[in-house]
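Student: The structure is given below, and queries will be raised subsequently.
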Amino acid sequence: MGPRSTLFPVRHVIALDVGGTGMKAALIGDGGELLHQDRRATGRERGPEAVVEGILGFAADLRAHGTERLGEPAVAAGIAVPGIVDEARGIATYAANLGWHDVPLRALLTDRLGIPVALGHDVRTGGLAEGRIGAGKGADRFLFVPLGTGIAGAIGLDGRVEAGAHGFAGEIGHIVVRPGGTACPCGQRGCLERYASASAVTEAWAAACGDPDADAADCAKAVASGDPNAVRVWQQAVDALADGLVTALTLLDPRTLIIGGGLAEAGETLFRPLQDAVRRRVTFQKLPSIVPAALGDTAGCLGAGLLARDLLETTDPSEVTA
Numbered sequence: 001m002g003p004r005s006t007l008f009p010v011r012h013v014i015a016l017d018v019g020g021t022g023m024k025a026a027l028i029g030d031g032g033e034l035l036h037q038d039r040r041a042t043g044r045e046r047g048p049e050a051v052v053e054g055i056l057g058f059a060a061d062l063r064a065h066g067t068e069r070l071g072e073p074a075v076a077a078g079i080a081v082p083g084i085v086d087e088a089r090g091i092a093t094y095a096a097n098l099g100w101h102d103v104p105l106r107a108l109l110t111d112r113l114g115i116p117v118a119l120g121h122d123v124r125t126g127g128l129a130e131g132r133i134g135a136g137k138g139a140d141r142f143l144f145v146p147l148g149t150g151i152a153g154a155i156g157l158d159g160r161v162e163a164g165a166h167g168f169a170g171e172i173g174h175i176v177v178r179p180g181g182t183a184c185p186c187g188q189r190g191c192l193e194r195y196a197s198a199s200a201v202t203e204a205w206a207a208a209c210g211d212p213d214a215d216a217a218d219c220a221k222a223v224a225s226g227d228p229n230a231v232r233v234w235q236q237a238v239d240a241l242a243d244g245l246v247t248a249l250t251l252l253d254p255r256t257l258i259i260g261g262g263l264a265e266a267g268e269t270l271f272r273p274l275q276d277a278v279r280r281r282v283t284f285q286k287l288p289s290i291v292p293a294a295l296g297d298t299a300g301c302l303g304a305g306l307l308a309r310d311l312l313e314t315t316d317p318s319e320v321t322a
């Protein structure tokens with residue numbers, strides 16, 4: 001988005017979504033309007049300390065942009081990061097793909113920006129956005145499940161997302177759906193994400209069709225064209241996903257089940273058989289509505305903005321502490 005000039009100061013927050021390869025950022029107004037957007041490479045090849053400095057520098061540049069173009073600096077900031085996140089203490093505990101351990105990211109950003117900062121887990125933050133302003137808008141209880149390289153989840157309760165006692169709430173990808181099955185990096189065998197993530201479908205389809213470059217999107221196209229080999233691979237993934245989802249909805253009883261990530265881009269090729277598979281498995285449970293995510297790869301950034309705006313309700317910006 002190009003520069004925006006303004007005659008009057010515009011109150012806004014900084015939103016930052018940090019991924020393994022790229023960072024997405026925005027300046028967001030009080031009404032949720034996107035006033036400015038930007039992207040930068042995460043630069044993980046330069047090491048964890050450089051990644052942190054890159055985040056701090058990006059945030060500082062966003063603050064400067066707001067001051068220059070919107071007439072005043074941001075009043076708060078929200079940042080979403082991958083891995084294990086201690087949101088209450090503001091610490092990025094661990095992220096394998098970024099190589100960091102126990103980074104006090106909230107304190108570092110607060111010190112650099114001089115404003116209140118909220119730190120969130122990327123999937124829970126994306127789920128917050130989907131639940132409040134995306135596919136789950138209006139639902140009091142929802143479960144957001146992105147099917148990407150792995151499978152995570154965000155449990156939505158009355159407009160907020162549950163982190164759990166230790167920051168692991170919603171990790172549906174590590175529900176064991178095939179006991180004794182494929183080994184998972186988490187140490188278990190048979191985890192859901194080893195069967196129903198986009199990367200798992202890619203691996204299975206590449207082996208089945210003999211093309212090492214084939215991916216999950218290719219498998220979905222082959223399913224749509226009626227390829228029986230593809231249908232077999234796809235149905236195995238759908239069945240595993242349905243098993244995991246029924247376990248989750250039995251425990252959580254969500255009103256809406258939001259499916260996102262790369263695999264959801266298959267549209268009805270995924271949703272029609274998935275809805276049927278879940279319906280076949282429920283007995284006493286109430287079937288939630290199963291819908292595609294609405295916000296795509298902007299969910300994390302929009303959610304970070306929501307975290308920042310929520311912070312303003314409980315924090316006096318003139319009394320910032322790390």
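Numbering-wise (full-length UniProt numbering), the sequence shown opens with residue 1 and increments by one.
Ideal Cβ placement from N, Cα and C applies to all residues, glycine included.
In this structure, how does DSSP classify H166 when only helix, strand and coil are distinguished?
Tutor: coil
Student: Touching or not, the stretch 269-286 and the stretch 241-257, by the rule of three or more beta carbon pairs under 8 Å?
Tutor: yes
Student: Report the rounded CA-to-CA distance for P9 versus A64, giving the unit in angstroms.
Tutor: 14 Å
Student: With DSSP as the reference, label V320 as helix, strand or coil.
Tutor: Summary for V320: the model assigns pLDDT 48, below 50, so the residue's position carries little reliability; its value from the coordinates is reported in the next sentence. In this structure, V320 counts as coil in the three-state DSSP scheme.
Student: Buried or exposed for L306, going by 16 or more other Cβ atoms inside 10 Å?
Tutor: buried
Student: Grab the span of the alpha helix (DSSP H) containing P228 for me, first residue to last.
Tutor: P228 to L252
Student: Below 6 Å CB to CB, which residues in the same chain sit around R44 once its five sequence neighbours on both sides are set aside?
Tutor: Take R44, set aside five residues on each side of it, and the residues of its chain with a beta-carbon closer than 6 Å to its own are V51 and L98, in chain order.
Student: Looking only at C-alpha atoms, which of V238, P179, P82 and P185 sits nearest to L274?
Tutor: Looking at the Cα atoms, V238 is the closest of the given residues.
Student: Express the C-alpha separation of R89 and R141 in angstroms, rounding to a whole number.
Tutor: 26 Å
Student: For V176 versus A204, is the C-beta spacing smaller than 8 Å?
Tutor: no
Student: Apart from the five residues on each side of it in sequence, which residues of its chain come closer than 7 Å, Cβ to Cβ, to L109?
Tutor: L56, A59, A77, I79 and V117
Student: What separation, rounded to the nearest whole angstrom, lies between the Cα atoms of A220 and G300?
Tutor: Looking at the two C-alpha atoms, the distance is approximately 26 Å.
Student: With H, G and I counted as helix, E and B as strand and the rest as coil, what does DSSP make of F8?
Tutor: The answer is coil: DSSP assigns F8 none of H, G, I, E or B.
Student: Measure the C-alpha to C-alpha separation of S199 and L263 and round it to an integer number of angstroms.
Tutor: One C-alpha to the other measures close to 9 Å.
Student: Since I believe G127 is in contact with V161 (beta carbons under 8 Å), could you give me their beta-carbon distance rounded to a whole number of angstroms?
Tutor: 5 Å
Student: Following the continuous beta strand (DSSP E) through residue 331, name the residue where it begins and the one where it ends.
Tutor: Residue 331 lies beyond the stretch modelled for the chain, which goes from 1 to 322, so this question has no answer here.
Student: Provide the residue span of the beta strand (DSSP E) that contains Q188, from first to last.
Tutor: Segment: none, Q188 is in no beta strand (DSSP E) and carries neither H nor E.
Student: Measure how close the beta-carbons of V81 and A95 come, nearest whole angstrom, since I'm counting them as under 8 Å.
Tutor: 7 Å
Student: From what residue to what residue does the alpha helix (DSSP H) around F58 run?
Tutor: P48 to R69
Student: Taking the alpha carbon of G260 as the point to measure from, which residue in P292, R194 and N229 has its own alpha carbon closest?
Tutor: P292
Student: Since A152 and G136 are thought to touch, with beta carbons under 8 Å apart, how far apart are those beta carbons, to the nearest angstrom?
Tutor: Contact annotation, A152 with G136: C-beta distance approximately 16 Å; criterion of less than 8 Å not satisfied.
Student: Could you tell me whether the Cβ atoms of T125 and A248 are closer together than 8 Å?
Tutor: no
Student: Rounding to the nearest angstrom, what Cα-Cα distance links D122 and D227 in this structure?
Tutor: 36 Å
Student: How should I14 be labelled, buried or exposed, when 16 other C-beta atoms within 10 angstroms of its C-beta is the threshold for buried?
Tutor: buried
Student: Going by C-alpha to C-alpha distance, which of E68, A41 and G19 sits closest to L35?
Tutor: E68
Student: Using alpha carbons as the reference points, say which of A165, L257, Q37 and D218 lies closest to E130.
Tutor: L257
Student: Mind checking which residues open and close the alpha helix (DSSP H) that includes T21?
Tutor: Unbroken run through T21: none, as it is neither H nor E.
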